[in-house]
Amino acid sequence: MTERARVQSPKRAIIHYVVAVIIFTLYGSKVCPFIDSLPTTVLLIQTATVFIALFFVRLILRTIYHGEASLPANVTVFAVTGIGFATWYGVLYDFPLDSNLKVMFGVTLLGIVISLDLAIDNARHLFESPNLSQDAPEKCTPLAGQIGLGAMFLVVMVTVLLGLVVTKDLLWLVEHTEHKPAIADIDSILKEFFFVALVVVGYIAIISKNGADLIHQQLERQTHVMVLASHGQLDQTLPSNHVGELGIIAYYTNKMLGDLHASYDEINRTRDATIIGLSTLAEVRDNETGAHILRTQNYVRALAYTLRRQSKYAAYLSNETIDLLYKSAPLHDVGKVGIPDAILLKPGKLTDEEFMIMKTHAQLGADALSMTEQSVDGIAFLRFAKEIAATHHEKWDGSGYPLGLAGEKIPLSGRLMALADVYDALISKRVYKPAFSHEKAKAIILQGNGTHFDPAIVDAFLMCEHQFIDIAAQYSDKDTHAA
Numbered sequence: 354m355t356e357r358a359r360v361q362s363p364k365r366a367i368i369h370y371v372v373a374v375i376i377f378t379l380y381g382s383k384v385c386p387f388i389d390s391l392p393t394t395v396l397l398i399q400t401a402t403v404f405i406a407l408f409f410v411r412l413i414l415r416t417i418y419h420g421e422a423s424l425p426a427n428v429t430v431f432a433v434t435g436i437g438f439a440t441w442y443g444v445l446y447d448f449p450l451d452s453n454l455k456v457m458f459g460v461t462l463l464g465i466v467i468s469l470d471l472a473i474d475n476a477r478h479l480f481e482s483p484n485l486s487q488d489a490p491e492k493c494t495p496l497a498g499q500i501g502l503g504a505m506f507l508v509v510m511v512t513v514l515l516g517l518v519v520t521k522d523l524l525w526l527v528e529h530t531e532h533k534p535a536i537a538d539i540d541s542i543l544k545e546f547f548f549v550a551l552v553v554v555g556y557i558a559i560i561s562k563n564g565a566d567l568i569h570q571q572l573e574r575q576t577h578v579m580v581l582a583s584h585g586q587l588d589q590t591l592p593s594n595h596v597g598e599l600g601i602i603a604y605y606t607n608k609m610l611g612d613l614h615a616s617y618d619e620i621n622r623t624r625d626a627t628i629i630g631l632s633t634l635a636e637v638r639d640n641e642t643g644a645h646i647l648r649t650q651n652y653v654r655a656l657a658y659t660l661r662r663q664s665k666y667a668a669y670l671s672n673e674t675i676d677l678l679y680k681s682a683p684l685h686d687v688g689k690v691g692i693p694d695a696i697l698l699k700p701g702k703l704t705d706e707e708f709m710i711m712k713t714h715a716q717l718g719a720d721a722l723s724m725t726e727q728s729v730d731g732i733a734f735l736r737f738a739k740e741i742a743a744t745h746h747e748k749w750d751g752s753g754y755p756l757g758l759a760g761e762k763i764p765l766s767g768r769l770m771a772l773a774d775v776y777d778a779l780i781s782k783r784v785y786k787p788a789f790s791h792e793k794a795k796a797i798i799l800q801g802n803g804t805h806f807d808p809a810i811v812d813a814f815l816m817c818e819h820q821f822i823d824i825a826a827q828y829s830d831k832d833t834h835a836a
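To convert a position in the sequence shown, counted from 1, into the working numbering, add 353.
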């Protein structure tokens, strides 16, 4: 048995068939002037036997079709059974033709409403199933077509059945009333008419609600996934089935999201490769190591996650923004490619004139990234990379370079990178100094609190300093060279 055949629980079908037995028995024993001549127990047993047989035929059809059979197939079974049931009544009890027709049309009408509701419910269960095949649909059994066909059958059957009720009862009234009709006779006719109408209206209400729930469920899920996709979450999928048109829409929505996700991943890989290439270009000309790049970008990320615990920064430092800061951090010194080797690679302390030239690397990097950003407008990481390159040497008190920005006029990305870059320079060995311990680097950073560094970022550093120690150990120069 396939997944489709296992999806729907038989509970709803059993309830439908039990209710049908009760309705038919009540009609025959309390309402219809001819069938009520039979004892209620006999009528109940006969009706129950018929509908139990119908239920097992339904199970056989589900096995043959590997799932819910089509609406015409199910209705045909009920119609054939109704004809057989009516014929049996006619032969055994010699009921008149109009009563037999009511039996036939009554069973068929119940078959239409039961089959239509179960078809809609089956579609709902298929839509909810997490293990549906995601293969391209070859066939589509239009749900709208099934509902339309069922509604058409329903209207025809209700019209015919109510017509039979009215016609038969009026003829019976004429034949059995010589003068003015008795009130009891009129009550009997109205009782039969309203009983049939009430049953039909009740089933229509159930089918309408079930159908509305199905459409609402699928459209709500479709809308939810599309909203998530509009915010960049492309890993969502819709359960797709081949029951109706919405299942086809779900399949192609999944295909579209899958293709977009693959393209997005490729773009991200291209972006990351570009960042690595540009940052490596700066490393080749500098005395810095690849470990410096790895350490500083991880420091920035640790600081950002800690800083967003403060309500002031919680909204801005979303997961997406922190990821962009992490990705763009390696480009903070890309402007060093424009610094002459004699200055960039000088083993000793720079002269004032040389240092002035060295300081231009911040603006050089920002200008280069700005030109790139203008040529490919809308690339978010380039905006952050430009900010970091331009402002990671600015100081909180305004004494930094290249623009002498102060306080919160310095972009947050630059303020984060400033502390990360200084910390890494302090704990790293240079030709002009040994590597400092974490505690000594921490003391120097604390001395710069409120002058060199943003006090809020210094507080964040103190809260996550153990992460800095772990990052420095994980991406040590020695380990990187060995790798």
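For every residue, glycine included, the Cβ atom is placed at its ideal position computed from N, Cα and C.
Closest Cα partner of G564 within the set H478, G435, R648: H478
Supposed contact pair Q820 and A655 - C-beta distance, whole angstroms, cut 8 Å: 4 Å
Exposure of P787, with buried meaning 16 or more beta-carbon neighbours within 10 Å: exposed
Beta-bridge pairing of F806 - partner residues as DSSP gives them: N802
Coil, strand or helix - R662 by DSSP: coil
Host alpha helix (DSSP H) of H369 (start-end): 364–379
Every unbroken alpha helix (DSSP H) within the segment 678–750, with a cutoff of 4 residues, ordered by chain: 694–697, 705–728, 733–744
Status (buried if at least 16 other CB within 10 Å, exposed otherwise) for H595: For H595, the predicted model reports a pLDDT of 49, less than 50, meaning its position is unreliable; a value from the coordinates is still stated below. Flag for H595 reads buried.
Exposure of G753, with buried meaning 16 or more beta-carbon neighbours within 10 Å: buried
For A472, the nearest candidate out of R411, G437, L450, A432 (CA to CA): R411
Contact set for D587: own chain, Cβ-Cβ below 7 Å, skip 5 residues either direction: According to the sequence as given, residue 587 is Leu; it is not Asp. Counting only Cβ-Cβ distances below 7 Å, and skipping sequence neighbours, we find L610, L613, H614, Y617.
Neighbour-count burial assignment, K544, 16 or more Cβ in a 10 Å radius: exposed
Rounded straight-line distance, which links the Cα of F458 to that of K364: 26 Å
Integer-rounded CB distance, given that V578 should sit under 8 Å from L591: 6 Å
Beta-carbon proximity list for D807, same chain, < 6 Å, skipping 5 on both sides: W749, R768
With 16 other Cβ atoms within 10 Å as the buried cut-off, status of H745: buried
Contact between the segment 757–773 and the segment 793–808 (3+ Cβ pairs under 8 Å): yes
I367, buried or exposed, once every other Cβ within 10 Å from all chains shown has been counted against 16: exposed
Touch test, the segment 710–717 against the segment 684–696, Cβ-Cβ under 8 Å, three pairs minimum: yes
Helix, strand or coil at K793 according to DSSP, with G and I counted as helix: helix
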